[in-house]
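So the structure is just underneath, and the comments pick up after that.
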Amino acid sequence: MQNALRIAKQDEEKETFRALSPTASFRRTFLVPRFMAKSPLEIPGPLGASRKSRWLAGFRRRSHPTLALLGELVPRVFDIVLSASLLVLLSPLLVMRAVWSHHQVGSVLTATRLVGRYQGFFRRLSFAGSGRFRDLAVWLNVFRGDMAVVGPRPMTAEEAAAVPVEDLVRFTVRPGLISPFRIRSRIGIAHQRESAMDRELVYSQTLKEDLGLAARSIVSGVLGGGGTPRETPPILNFFGIPVVNTTMNEAVDWVVAKAAGTEKKLLAFVNPDCLNIAWKDPDYRNILIEADRVLPDGIGVHIGCRMLGQALRANVNGTDLFPLLCEAAARERLPIYLFGARPGIAQAVAENMVKRFPGLRIAGARDGYYKPEQEEAVVDAINSSGARILLVAFGAPRQELWLGRWREKLVPSVSMGVGGLFDFYSGRIPRAPVWMREMGLEWGFRLMQEPGRMWRRYVIGNPLFLFRVWRQAKHPEKFKLPEGAERLAPAVPLESRNT
Ligand code: UDP
Numbered sequence: 126m127q128n129a130l131r132i133a134k135q136d137e138e139k140e141t142f143r144a145l146s147p148t149a150s151f152r153r154t155f156l157v158p159r160f161m162a163k164s165p166l167e168i169p170g171p172l173g174a175s176r177k178s179r180w181l182a183g184f185r186r187r188s189h190p191t192l193a194l195l196g197e198l199v200p201r202v203f204d205i206v207l208s209a210s211l212l213v214l215l216s217p218l219l220v221m222r223a224v225w226s227h228h229q230v231g232s233v234l235t236a237t238r239l240v241g242r243y244q245g246f247f248r249r250l251s252f253a254g255s256g257r258f259r260d261l262a263v264w265l266n267v268f269r270g271d272m273a274v275v276g277p278r279p280m281t282a283e284e285a286a287a288v289p290v291e292d293l294v295r296f297t298v299r300p301g302l303i304s305p306f307r308i309r310s311r312i313g314i315a316h317q318r319e320s321a322m323d324r325e326l327v328y329s330q331t332l333k334e335d336l337g338l339a340a341r342s343i344v345s346g347v348l349g350g351g352g353t354p355r356e357t358p359p360i361l362n363f364f365g366i367p368v369v370n371t372t373m374n375e376a377v378d379w380v381v382a383k384a385a386g387t388e389k390k391l392l393a394f395v396n397p398d399c400l401n402i403a404w405k406d407p408d409y410r411n412i413l414i415e416a417d418r419v420l421p422d423g424i425g426v427h428i429g430c431r432m433l434g435q436a437l438r439a440n441v442n443g444t445d446l447f448p449l450l451c452e453a454a455a456r457e458r459l460p461i462y463l464f465g466a467r468p469g470i471a472q473a474v475a476e477n478m479v480k481r482f483p484g485l486r487i488a489g490a491r492d493g494y495y496k497p498e499q500e501e502a503v504v505d506a507i508n509s510s511g512a513r514i515l516l517v518a519f520g521a522p523r524q525e526l527w528l529g530r531w532r533e534k535l536v537p538s539v540s541m542g543v544g545g546l547f548d549f550y551s552g553r554i555p556r557a558p559v560w561m562r563e564m565g566l567e568w569g570f571r572l573m574q575e576p577g578r579m580w581r582r583y584v585i586g587n588p589l590f591l592f593r594v595w596r597q598a599k600h601p602e603k604f605k606l607p608e609g610a611e612r613l614a615p616a617v618p619l620e621s622r623n624t
């Protein structure tokens with residue numbers, strides 16, 4: 126029986142091999158008339174197991190070489206048409222800029238040697254000298270085919286040498302002016318490795334996707350402040366509350382390091398809504414001022430930073446930090462306690478995260494709806510669970526006030542308030558799609574999900590926050606940071622704006 130099965134399997138493999146051989150595919154593609162073409166292979170899934178779509182599956186298979194050729198040609202034609210149109214339309218400006226460069230430094234263009242497609246070098250052009258419109262010369266690179274409109278960022282030789290093997294596919298396409306990494310960096314959500322994002326781009330690139338990225342790039346350029354260089358202080362000041370200006374990786378490392386230690390640390394995330402609450406609520410404000418770390422969450426804080434003439438390194442929000450923290454906690458064997466949200470939600474999060482990060486220890490999970498007289502027992506349960514990291518998800522300011530009240534009694538080394546995070550990771554509420562996040566519109570998605578509860582927070586709260594920041598920018602002397610806030614600055618130097 127075993128033998129018969131093996132022989133059947135071998136026959137099947139031979140058949141598959143024959144069907145996939147280059148001669149067979151050539152014959153199917155070019156020689157066999159369409160009505161005679163019959164697929165010897167039954168491929169399950171969208172390529173056509175069903176009888177009805179068999180002709181479609183056959184058609185798709187036969188069109189592969191044509192589609193591959195079109196896939197290469199269409200984006201290139203798009204790049205040529207766009208770059209040529211821009212070069213013609215902007216020609217008066219380009220000529221003026223060329224004259225200005227020549228007048229300044231005696232030459233028109235300068236070139237930087239960068240790594241392009243198939244890891245070959247190319248010279249990225251810009252106008253010589255300083256001043257505006259320097260980068261417009263790069264459209265010549267696009268026209269010539271050194272670069273594309275959308276594609277992974279061209280790298281220096283050193284950067285290219287550091288790309289891990291699994292991401293080398295990023296070099297199979299032309300480097301581009303627009304990439305998801307660039308868009309996300311501007312908004313402050315480039316928390317993944319750049320080359321991994323590039324790899325995703327290469328595998329998902331279509332003309333439609335490219336047009337979407339171009340649109341998102343415009344929005345993120347406006348919101349994120351484009352390339353204007355700004356001061357990037359280690360501590361930001363929002364209404365006198367010190368907010369640590371750091372990267373996602375540094376924040377995760379900080380939590381892990383503190384969780385392994387014995388000192389107790391309190392971490393909070395603040396978005397414009399939290400800062401609006403802190404403006405009026407002195408108890409919440411004091412907890413934030415005394416916390417060991419307050420991290421910036423959301424596009425509102427990003428825009429606020431720009432209004433204060435500063436740059437935000439990254440949007441270090443709890444929702445993006447959570448999976449990275451779980452990964453690090455699994456590696457370092459640091460148990461986590463999940464406390465908050467509706468009954469069953471924290472448990473669902475625990476199950477999901479353990480599945481995703483084998484080795485992760487969830488010391489306990491319980492909902493955030495309990496009677497006041499149960500509170501002491503809840504704290505005892507957390508303390509006896511062995512958790513080193515405690516996540517409290519009641520929403521601001523409740524979670525911070527609760528943590529402030531129990532701070533002395535709680536045993537876990539790091540405690541943090543994480544808002545509605547469990548609702549996302551349990552799957553109860555979907556998170557905004559990436560394209561919305563890339564445009565800084567996650568709040569818009571939350572508003573659509575729960576307009577009744579959220580309209581006050583966003584429709585009134587966001588402009589109010591920006592108005593308050595504007596006031597702070599006008600009268601900085603009224604919003605001084607507390608003495609010794611510098612001690613909160615990250616210990617490691619953070620040159621890059623992201624990761
Ligand atoms: N919550 C809770 N106990 C309460 C009230 C609320 O655990 O007594 C939970 C609620 O189920 C939700 C979270 O707190 O999961 C608050 O979510 P929200 O969206 O308000 O948080 P944020 O927007 O601040 O992230």
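Remember, the working numbering sits 125 above the position in the sequence shown when you count from 1.
Even glycine gets a Cβ: it sits at the ideal position worked out from N, Cα and C.
Model, not experiment: these values are computed from the prediction.
- Cβ atoms of A518 and L546 come within 8 Å of each other, at about 6 Å.
- Cβ-Cβ separation between F590 and P397: approximately 4 Å, consistent with a contact (criterion under 8 Å).
- Every residue with a CB closer than 6 Å to a heavy atom of the ligand UDP is listed here in chain order: G465, A466, R467, G493, Y494, A518, F519, G520, A521, G544, G545, F547 and D548.
- Secondary structure at L234: strand, using DSSP grouped into helix, strand and coil.
- For L326, the enclosing alpha helix (DSSP H) covers residues E319 to S329.
- Following the DSSP letters along the chain, one finds R530 inside the alpha helix (DSSP H) bounded by residues R523 to W531.
- Taking P421 as reference, the option from V474, N362, A453 and I205 with the minimal CA-CA separation is N362.
- Across the set D406, C399, Q244 and I424, the C-alpha of I424 shows the shortest separation from the C-alpha of I314.
- At a Cβ-Cβ threshold of 7 Å, V395 and V419 count as neighbours.
- Counting only residues of its own chain and dropping the five nearest sequence neighbours on each side, F482 has a CB closer than 6 Å to the CB of C451, E452 and A455.
- Contact between R486 and A471 is ruled out by a C-beta separation of about 15 Å, above the 8 Å threshold.
- Here the alpha carbons of T191 and A382 stand approximately 55 Å from one another.
- For A490, the enclosing beta strand (DSSP E) starts and ends at I487 to R491.
- Inter-residue distance for P555 and G529 is about 30 Å (C-alpha atoms, whole angstroms).
- Going by beta carbons, P279 and P305 fall outside the 7 Å limit.
- Assignment of beta-bridge partners to P367 by DSSP yields N362.
- Taking a C-beta distance under 7 Å as the contact criterion, V267 and D204 qualify as a contact pair.
- Taking 4 residues as the shortest admissible run, the stretch 253-282 contains the following complete alpha helix (DSSP H) segments, listed from N- to C-terminal end: 263-269.
- Comparing alpha carbon positions, the residue from G489, E500 and G520 closest to I514 is G489.
- Boundaries of the beta strand (DSSP E) harbouring A518: I514 to A518, taken from the DSSP string.
- With a contact defined as Cβ atoms closer than 8 Å, R309 and G346 miss out at about 12 Å.
- Per the coordinates, the alpha-carbon of S226 lies some 6 Å from the alpha-carbon of G254.
- Taking a cut-off of 8 Å on C-beta distances, the stretch 194-208 touches the stretch 328-343, as three or more cross pairs fall below it.
- As computed with DSSP, K390 is found in a beta bridge with V539.
- Of the candidates E501, M478 and Y462, Y462 places its Cα closest to the Cα of S510.
- In this chain, the alpha helix (DSSP H) harbouring G429 covers I424 to M432.
- Sequence-distant partners of R581 (beyond 5 residues in either direction) whose C-beta falls short of 7 Å from its own C-beta are missing from its chain.
- The C-alpha of D505 lies about 18 Å from the C-alpha of G542.
- Scanning V263, A273, W180 and N508 for the CA closest to the CA of V327 turns up A273.
- Separation of T297 and I343 (C-alpha to C-alpha, rounded to the nearest whole angstrom) is 26 Å.
- For Y494, there is no enclosing alpha helix (DSSP H), as DSSP gives it neither H nor E.
- For L613 against I360, the beta-carbon gap comes to about 6 Å, under 8 Å, which counts as contact.
- Residue pairing by DSSP places P421 opposite V395 in a beta bridge.
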